[in-house]
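S.K.:
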Amino acid sequence: MIRGAIHAAIKEELISLGAPDVSFVVERPGEMSHGDYASNAALSAAKVLKRNPREVAEEIAKKLENKIDGIEKIEVAGAGFINFFISHQALLREVANTQQDSWGKNDAYANKTVMVEYTDPNPFKEFHIGHLMGNAIGESIARLLEWSGAEVIRANYQGDVGPHVAKAMFVLLEQQIENPTIAQISLAYVEGAKRYEEHSADKAAIDALNKKIYDQSDERVNALYKKGRALSLKHFEELYKILGTKFNLYFFESESGPKGLEIVKAHPEVFEHSDGATIFRGENYGLHTRVFVNSQGLPTYEAKELGLIETKLEKSAFDFSITVTANEIKDYFDVIRKVIELVFPDLTDKILVRFHGFLRLTTGKMSSRKGNVVTGESLLEDLTEEAEAKMRERKLANTDEIAQQVAVGAIKYAVLKQGAGRDIIFDPERSLSLEGDSGPYLQYAHTRSLSLLRAANKAGIEASVVDAPAEVGALERMLIHYPEVVERAAKELEPHYVTTYLTELAAAFNSWYASGRVIGGKHEQYGVLLVQAVEQTLKKGLQVLGIPVPEEM
RNA sequence: GCUUCCGUAGUCCAAUGGAUAGAACACCUCCCUCCGAAGGAGGAGAUGCAGGUUCGAUUCCUGCCGGAAGCACCA
Numbered sequence: 151m152i153r154g155a156i157h158a159a160i161k162e163e164l165i166s167l168g169a170p171d172v173s174f175v176v177e178r179p180g181e182m183s184h185g186d187y188a189s190n191a192a193l194s195a196a197k198v199l200k201r202n203p204r205e206v207a208e209e210i211a212k213k214l215e216n217k218i219d220g221i222e223k224i225e226v227a228g229a230g231f232i233n234f235f236i237s238h239q240a241l242l243r244e245v246a247n248t249q250q251d252s253w254g255k256n257d258a259y260a261n262k263t264v265m266v267e268y269t270d271p272n273p274f275k276e277f278h279i280g281h282l283m284g285n286a287i288g289e290s291i292a293r294l295l296e297w298s299g300a301e302v303i304r305a306n307y308q309g310d311v312g313p314h315v316a317k318a319m320f321v322l323l324e325q326q327i328e329n330p331t332i333a334q335i336s337l338a339y340v341e342g343a344k345r346y347e348e349h350s351a352d353k354a355a356i357d358a359l360n361k362k363i364y365d366q367s368d369e370r371v372n373a374l375y376k377k378g379r380a381l382s383l384k385h386f387e388e389l390y391k392i393l394g395t396k397f398n399l400y401f402f403e404s405e406s407g408p409k410g411l412e413i414v415k416a417h418p419e420v421f422e423h424s425d426g427a428t429i430f431r432g433e434n435y436g437l438h439t440r441v442f443v444n445s446q447g448l449p450t451y452e453a454k455e456l457g458l459i460e461t462k463l464e465k466s467a468f469d470f471s472i473t474v475t476a477n478e479i480k481d482y483f484d485v486i487r488k489v490i491e492l493v494f495p496d497l498t499d500k501i502l503v504r505f506h507g508f509l510r511l512t513t514g515k516m517s518s519r520k521g522n523v524v525t526g527e528s529l530l531e532d533l534t535e536e537a538e539a540k541m542r543e544r545k546l547a548n549t550d551e552i553a554q555q556v557a558v559g560a561i562k563y564a565v566l567k568q569g570a571g572r573d574i575i576f577d578p579e580r581s582l583s584l585e586g587d588s589g590p591y592l593q594y595a596h597t598r599s600l601s602l603l604r605a606a607n608k609a610g611i612e613a614s615v616v617d618a619p620a621e622v623g624a625l626e627r628m629l630i631h632y633p634e635v636v637e638r639a640a641k642e643l644e645p646h647y648v649t650t651y652l653t654e655l656a657a658a659f660n661s662w663y664a665s666g667r668v669i670g671g672k673h674e675q676y677g678v679l680l681v682q683a684v685e686q687t688l689k690k691g692l693q694v695l696g697i698p699v700p701e702e703m
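In the working numbering, the protein residues as written are 151 to 703.
#1: Tell me the rounded alpha-carbon separation between LYS409 and THR248.
#2: From this set, HIS423, LEU393, PHE421 and GLU301, which residue's C-alpha is nearest GLY526's C-alpha?
#3: For TYR307, which residues of its own chain have a beta-carbon under 7 angstroms away from its beta-carbon, when the five flanking residues on both sides are left out?
#4: If you drop the 5 nearest sequence neighbours on each side, which residues of the same chain put their C-beta closer than 7 angstroms to that of GLY220?
#5: Could you tell me if MET283 is buried or exposed, where buried requires 16 or more neighbouring beta carbons within 10 angstroms of its beta carbon?
#6: Contact between the stretch 430-437 and the stretch 360-377 is defined here as three or more beta-carbon pairs at a separation below 8 angstroms; is this criterion met?
#7: On the three-state DSSP scale, how would you describe TYR259?
#8: Rounded to a whole number of angstroms, what is the C-alpha to C-alpha distance between ALA380 and THR650?
#9: Where do the N-terminal and C-terminal ends of the beta strand (DSSP E) with GLN308 fall, by residue?
#10: Would you mind stating whether ASN256 and VAL636 have Cβ atoms separated by less than 8 angstroms?
#11: What is the DSSP secondary structure of ASN360, reduced to helix, strand or coil?
#12: Specify the secondary structure class of ILE669 as computed by DSSP and reduced to three states.
#13: With burial defined as no fewer than 16 other Cβ atoms inside 10 Å of the residue's Cβ, what is the status of PRO313: buried or exposed?
#14: Excluding five sequence neighbours on each side, which residues of the same chain lie with their C-beta closer than 8 angstroms to the C-beta of LYS515?
#15: Which residues does DSSP pair with LYS223 in a beta bridge?
#16: For VAL172, tell me which candidate among MET182, ALA196, TYR187 and ALA155 has the shortest Cα-Cα distance.
#17: If we count the other Cβ atoms within 10 Å of its Cβ and call it buried at 16 or more, is HIS349 buried or exposed?
#18: Does the separation of the CB atoms of LEU566 and ILE279 fall below 8 angstroms?
#19: Short of 8 angstroms in beta carbon distance, which residues of its chain neighbour SER581, apart from the five on each side in sequence? Order them along the chain.
#20: Can you find the residues in the same chain that come closer than 8 angstroms, C-beta to C-beta, to HIS385, ignoring five residues on each side of it along the sequence?
#21: Rank ARG667, LYS672 and HIS631 by C-alpha distance to the C-alpha of LEU652 and give the top, closest one.
#22: Would you say the stretch 189-203 touches the stretch 215-231, given that touching needs at least three Cβ pairs under 8 angstroms?
#23: Would DSSP call ARG431 helix, strand or coil?
#24: Do ALA557 and ALA537 come within 8 angstroms of each other at the CB atom, strictly closer than that value?
#25: Grouping DSSP H, G and I as helix and E and B as strand, with all else coil, what is PRO645?
#26: Compute the beta-carbon to beta-carbon distance between VAL684 and ALA613, rounded to the nearest angstrom, for a pair I have assumed lies under 8 angstroms.
#27: Between VAL226 and ALA207, which are expected to be in contact by the criterion C-beta below 8 angstroms, what is the C-beta distance as a whole number of angstroms?
#28: Less than 8 angstroms separating the beta-carbons of ILE574 and LEU643?
#29: With 16 as the cutoff for other CB atoms within 10 Å, does ILE165 come out buried or exposed?
#30: Could you work out which residue in ALA547, ASP484, GLU163 and ILE335 is closest to ALA316 when comparing CA atoms only?
#31: Following the continuous beta strand (DSSP E) through TYR187, name the residue where it begins and the one where it ends.
#32: Using CA atoms only, rank isn't needed, just tell me which of ASN660, GLY691 and VAL622 is closest to ARG243.
#33: Could you round the C-beta distance between ALA624 and ALA570 to whole angstroms and report it? I think they count as a contact, below 8 angstroms.
#34: Helix, strand or coil for LEU183? Go by DSSP, reduced to three states.
#35: Report, in whole angstroms, the separation of the C-beta atoms of TYR663 and ALA618, which I expect to be a contact under 8 angstroms.
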């Protein structure tokens, strides 16, 4: 990558100037007149050297003149920026590079094995929009790491035991439903949760049932549990397929629970007893004090999480593990991290968490078109319907499948367009419009590039740089930055860098596309090459985000 | 109350301490005999308030105002 070469060359100059430790960036400037890459190296170095920034910049620029392959011009501008301009030849070479399979790859995580845990829905409960969010982010992070050289193990951790299960089961047993449907299970959970809060007798009964589920002492309970659990998991699997995720490993609280209990028991120096429960006194460390084993002797989520770490290691070695989860449990995870430090000191740096906010709906009512609560599924269904309606106007074949791809793209884009940790305000009405700054906008730009390529192919035009114009435009100069964007997104676990970049690229392409004809134009062969470059970049970019890439829409 | 996170156009998101704060939706003008109008060209519109650090602050620090999350047997 040219960027790497610039960085290395500047670094060398800084060393000879006597400022070897100065940190600086080489970035794509916001303004094209500022070149293809810009660096603040002189500004940073000047501070350390106590010299005039522009002088330092001039000196570096002069030394690097004609030293970097592919750079034809270096300018000093503003307070002391050094701007680099790529030569025409190098630019054409990079555009042609987009046709390589390796376009977009980097080696930031070469030789690393990374376990990415995400989605984590709970059997006996709805797959809600938060799970959709976690899935979109987790899948994209997994793909970013793969494009950066890592071997990725996709893991899903599902809560198949615990009070939520007992709440749903309590109602199902009471109503004597032996073969529940997904809808019945969801309703039963909502009802059970309400009863648990409002009636102390029901609360006691549900707690007792919870214990029975753990120790599997009642045949009738076991039978219903087995059916409900299997049905939930099968249902989730259908959703993963639609969303484009294929997990390598599944973990369950029913296995991490017992392991967690053992770990807690084995470390009396870390935990203490209080009110019949086993707790970790986090307040000694400025953290929350939390219960690991409740007074019934059952492991809570905290103990289960410890068990999960051991379970993960048993199933597969990894250099580090990333858990994608919501902000909501940040404080709780700080407690877990402290306990890991005390119990598994070797693992402290291997367990990472990537937090995200809530997915909130603007309508507040949280109700779907059919009047039900908005679940992950109902949102997908509503969006799919909307996309289908749009496609009926266009009279395309194969509408079912494509409409679903568009719907998935719309949701994933909305989630992946913003930075980590922030809540996402999701406006169903707006996202239903499928226009502007959206997943479908990118998908549509891509299908246009494909249909243009089909037409070019029919006309027998071969892609080539032979008739390239003497001056190339903004589109080319934007294209060449794609691999850097992927690398940065992977390093920071921030898919939104890719999302933002692709939207800018698609806008540049749409603008170029509207400005004149390719087929029959003055630079026909080069035009086709450029369209191929855009097509590949949009496709790979959408794929790295986990957004489906329809060929027509 | 304590802790943490967040305040950018009317709305929803960008911006690695840098150059004229980028898009999109909505609003106002235009553009389909032409490779796909889910598109394009143009217009108007924003850093909560007050200090500080810095050559330079949306970004870092302090205070205030506003919002969100968490704070013992849920996950």
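Idealized CB from N, CA, C, for every residue including glycine.
Since the model is a prediction, treat every value here as computed from it, not as a measurement.
M.R.: Checking against the coordinates, here is how it stands:
#1: 49 angstroms
#2: LEU393
#3: GLU267, ASP270, PHE401 and LEU458
#4: ILE152, ILE236, SER237 and ALA240
#5: buried
#6: The stretch 430-437 vs the stretch 360-377: no contact.
#7: coil
#8: 40 angstroms
#9: 301-308
#10: yes
#11: Reduced to three states, the DSSP call for ASN360 is helix.
#12: coil
#13: Of the other Cβ atoms in all chains shown, 16 or more fall within 10 Å of the Cβ of PRO313; this residue is therefore buried.
#14: Here the model assigns LYS515 a pLDDT of 44, short of 50, so the residue's position is not dependable and the matter cannot be decided.
#15: For LYS223, which the question treats as bridged, DSSP gives the partners PHE235.
#16: By alpha-carbon distance to VAL172, the top candidate from MET182, ALA196, TYR187 and ALA155 is ALA196.
#17: Exposed.
#18: no
#19: Within the same chain, LEU533, ALA560, ILE561, ALA564 and SER588 come within 8 angstroms of SER581 by CB-CB distance, once the 5 residues on both sides are set aside.
#20: Cβ contact annotation for HIS385 (same chain, cutoff 8 angstroms, sequence separation greater than five): PHE277 and ILE332, in chain order.
#21: HIS631
#22: yes
#23: coil
#24: Yes, the pair counts as a contact, with Cβ atoms nearer than the cut-off.
#25: Reduced to three states, the DSSP call for PRO645 is coil.
#26: With 8 angstroms as the limit, VAL684 and ALA613 do not qualify as a contact, their Cβ atoms being about 12 angstroms apart.
#27: Correct: roughly 4 angstroms between the Cβ atoms.
#28: For the pair ILE574 and LEU643, the CB atoms are not nearer than the 8 angstroms cut-off.
#29: exposed
#30: Distances from the CA of ALA316 to each of ALA547, ASP484, GLU163 and ILE335 were compared; the closest alpha carbon is that of ILE335.
#31: 187-189
#32: VAL622
#33: Wrong, their Cβ atoms sit about 30 angstroms apart, outside the cutoff.
#34: For the record, residue 183 in the displayed sequence is Ser; it is not Leu. In the structure shown, SER183 sits in a helix (DSSP, three-state: H, G or I).
#35: About 18 angstroms separates the two Cβ atoms, so there is no contact after all.
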